[in-house]
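By this note's numbering, the letter at position 62 of the sequence shown is numbered 63, and the numbering carries on one by one without gaps.
Please read the structure below before turning to the comments.
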Amino acid sequence: MTLPTDSTAPAGPAPGRPAADGLLPWIRATGPAGRADRPGAPRAAVLFDRDGTLVHDVPYNGDPGAVRPVAGASAAVAALRSAGVRVGVVTNQSGVARGLLTRRQVDAVNRRIDALLGPLDVWAVCPHGPEDGCRCRKPAPGLVLAACRALGVPPRRAVVIGDIGSDGAAAEAAGAFPVLVPNPVTRAEETAAARTVAKDLAEAVRTALSHLLPPGRAA
Ligand SMILES: [Mg+2]
Ligand SMILES: [Zn+2]
Numbered sequence: 002m003t004l005p006t007d008s009t010a011p012a013g014p015a016p017g018r019p020a021a022d023g024l025l026p027w028i029r030a031t032g033p034a035g036r037a038d039r040p041g042a043p044r045a046a047v048l049f050d051r052d053g054t055l056v057h058d059v060p061y062n063g064d065p066g067a068v069r070p071v072a073g074a075s076a077a078v079a080a081l082r083s084a085g086v087r088v089g090v091v092t093n094q095s096g097v098a099r100g101l102l103t104r105r106q107v108d109a110v111n112r113r114i115d116a117l118l119g120p121l122d123v124w125a126v127c128p129h130g131p132e133d134g135c136r137c138r139k140p141a142p143g144l145v146l147a148a149c150r151a152l153g154v155p156p157r158r159a160v161v162i163g164d165i166g167s168d169g170a171a172a173e174a175a176g177a178f179p180v181l182v183p184n185p186v187t188r189a190e191e192t193a194a195a196r197t198v199a200k201d202l203a204e205a206v207r208t209a210l211s212h213l214l215p216p217g218r219a220a
């Protein structure tokens, strides 16, 4: 199967070219399509935010050695996989646009997370800054849409788990289902405005499975 984009796809516009539509997310599909499928399992996906959701947030982290999964992250990924649900990450990495991170560093950190928790089925990274006008930086829907496309999962069959309001906004803009797992940096008004809130990753996964799987299928 040919995926729409892969790690050899251009990262964005050529230098000097106007931005706008040339700004593409980085997509890396790690496993062969269908690897996480269980016979008869409905095609569905859970997309995690990375920093502050799957791993502890280290601002502009380019060091794989600094990766620390959040409690329950490994079990959350395993539970989804055993239910036949695809698992991916949708992450804003504006440190790239700001010149604080290279693509090599971002990839190294993501591969470390793959080694600790996965491998995950797809990585969707927005390397742009807030002023770049891209369509992928959350709260825009582009990362969620690109990850779903790479997985062959319709967005309405995807749940996005994140720790801030823009994760949920990106989910809703894409037609996916949002679940907020607040942490100490989540603003109270974002938690209050969230459509669905879970106290930790385990509860978020239970919520996701009950949304995605028919009754009796959610463990
Ligand atoms: Mg986050
Ligand atoms: Zn972007």
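All C-beta atoms in this analysis are idealised placements derived from N, C-alpha and C, irrespective of residue type, glycine included.
Computed from a predicted model, the values in this text were never measured in an experiment.
Per DSSP, reduced to three states, the secondary structure at Thr208 is helical.
In this chain, the beta strand (DSSP E) harbouring Arg29 covers 27–30. In this model, Ile28 and Ala189 are separated by some 32 Å (Cα to Cα). Distance from Gly89 to Leu117 at the Cβ level is roughly 16 Å; contact not present, criterion being Cβ atoms closer than 8 Å. For Leu214, no beta strand (DSSP E) run applies, since DSSP gives it neither H nor E. For Leu152, the enclosing alpha helix (DSSP H) stretches over residues 143–152.
Secondary structure of Pro70 (DSSP, three-state): strand. Here the residues close to ligand 1, judged by CB distance below 7 Å to any of its heavy atoms, are Asp50, Arg51, Asp52, Gly53, Thr54, Asp58, Gly163, Asp164, Ile165, Asp168 in chain order. Between the beta-carbon of Leu210 and that of Ala84 there is about 6 Å, and that keeps the pair under the 8 Å contact cut. Shown here, Ala84 sits in coil according to DSSP, grouped into three states, outside any helix or strand.
Within a 10 Å sphere around the beta-carbon of Asp164 sit 16 or more other beta-carbons, which makes this residue buried. With a threshold of 16 other beta carbon atoms within 10 Å, Arg157 falls short and is exposed. Taking 8 Å as the upper bound for CB-CB distance, Ala203 and Ala46 are not in contact here, some 18 Å apart.
With respect to the 9 Å criterion, Val161 and Ala171 are classified as neighbours on the basis of their beta carbons.
Proximity to ligand 2 was defined by a C-beta distance below 6 Å to any of its heavy atoms, and the residues meeting it, in sequence along the chain, are Leu24, Pro26, Cys127, His129, Cys135, Cys137, Arg138.
Here Asn111 carries a helix assignment [DSSP, helix/strand/coil].
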